[in-house]
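*Asks:*
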Amino acid sequence: MSSRNVLFATLLASILSGAALIAFASHGAAQRRPSPAPIPNDAPARPENGTACNYQEPIDYLVRENFVVKWRQPAEEQAVRRARHEQAIRWRTENYGYFEGFGQSSWNRSTPSDNAVRARFMGLPIRINEKIVPALACVEEQIRAECGETYRPGRLSGLRTSNTYHNGEVSNHVYGIAVDVDPTLNTCCMCVAQWGDHPLCQREVESIYERMAMPSCWVHVFERFGFYWLGRDALQDTMHFEFLGDPDHILKSQGPPPARTAEGTPAAATP
Ligand SMILES: [Zn+2]
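Going by this note's numbering, the letters in the sequence shown line up with residues 3 to 273, in that order.
#1: State buried or exposed for P258, treating a residue as buried only when at least 16 other CB atoms are found within 10 Å of its CB.
#2: Would you decide whether Q196 is buried or exposed? Buried here means 16 or more other CB atoms lie within 10 Å of its CB.
#3: Assess contact between the segment 165-178 and the segment 146-156, defined as three or more Cβ pairs (one per stretch) separated by less than 8 Å. Is contact present?
#4: At 4 residues or longer, what runs of the alpha helix (DSSP H) sit wholly inside the segment 117-195?
#5: Taking the Cβ atom as the reference point for each residue, do E88 and W109 lie within a distance shorter than 7 Å?
#6: In whole angstroms, what is the alpha-carbon distance linking K133 and P49?
#7: When you compare each of L126, V82 and Q256 to Y63 by their alpha carbons, which one comes out closest?
#8: Leaving out five residues before and five after Q106 in sequence, what residues of the same chain have Cβ atoms less than 8 Å from its Cβ?
#9: Enumerate, from N- to C-terminal direction, the unbroken beta strand (DSSP E) stretches of 3 or more residues contained entirely within the segment 200-257.
#10: Are C140 and T53 closer than 7 Å when you measure CB to CB?
#11: Quick check: does the Cβ of H242 come within less than 6 Å of any heavy atom belonging to ligand 1?
#12: In three-state DSSP terms, what is Q58?
#13: Where D116 and V194 are concerned, what is the direct C-alpha to C-alpha distance, given to the nearest angstrom?
#14: Using beta-carbon positions only, say whether G178 and I128 come within less than 7 Å of one another.
#15: Hey, how far is the Cα of F243 from the Cα of A180?
#16: With a threshold of 16 other CB atoms inside 10 Å of the CB of P42, please say whether the residue is buried or exposed.
#17: Determine the DSSP secondary structure at R86, reduced to helix, strand or coil.
#18: Does R94 come out as helix, strand or coil in the three-state DSSP assignment?
#19: Any heavy atom of ligand 1 closer than 6 Å to the CB of D235?
Dropping the structure here:
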C-alpha cells in the first residue's frame, strides 16, 4: 500500500469505527429508555370521612399535564396552556409566596421560605408550607388507619430553595407544597437518564406500583385530600405528591372548597 493509501485506509477505518460507536451508543440508549408503566384505575370507593379535613380534588389548572406545552400541540392549544401556566404560577405565588423568576413580587410580599415550617410526617421531619400542615396530618391519620404498618419511609424531601425544572416550569417543591417519599426507593423512570437505568425502570411491568416501594394505599389516601400524585404525570414520578387543592378549605371547619368552573375560577354564586 502506498503511503497515501495507508492514510486513506486509516481514515476510512476511523470513520467506520466512529460510525460503529455512534450506532452502538444509540442502540444502547434505545435499550435503556424505559417504557412508561400502565397506571391502574383502581382507587377504591372513598370511606366515610372521619378526619378534620375535607376531601377535595386538585384544581385543574394547577395539574402539570394540563398546562405543559408540547411542540406537536396546535398553536391555539399552546396559547391556552401558556395562559393556564401563568394562572397556576399566580395562584401558587398568591397562596404560598413569591419565588424569584416566576410571577411578580407584588402578588405576595412573602417568600415560600418565610411561610415554611418544620413539621413531621409519618415520624420523619419535613419542611413544608405552613398552610398545608393540616392536610398532611389528615393524610397521616388515614394512612395509619387504612394502610397497615408494612411500609415505613426512611426519608422525606419537602421545601427546596432552588428550582429543579429547566424548561420554564417551577417545581412545587419551591413553594413547600410538594412531598417526596423515599426519593431513592420510589422511582421517577421518565425523569432523567440516571433513573431510566434503575432496575425497576428497566423491567417491563403490569403496573406502575411495581416500580415503587410505597404501597398503592398511600397514593389513594393522599389523593383524597387534594394532593396530586406525580406518578400519573408523563414523568411517572412515584415518590412525589403535591397539594393542588384549596389551602383555605383544608379543614371542614373552613367550609367545603368552592365549586369551580372548567378554567378553575370559583363558579359564580347564583343570586
Ligand atoms: Zn418531588
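Where a beta carbon is used, it is the ideal one built from N, C-alpha and C, also for glycine.
*Replies:* Looking at the atomic coordinates:
#1: exposed
#2: exposed
#3: no
#4: 135-148
#5: no
#6: 25 Å
#7: V82
#8: T95 and Y100
#9: 229-231 and 242-245
#10: yes
#11: yes
#12: strand
#13: 31 Å
#14: no
#15: 6 Å
#16: exposed
#17: helix
#18: helix
#19: no
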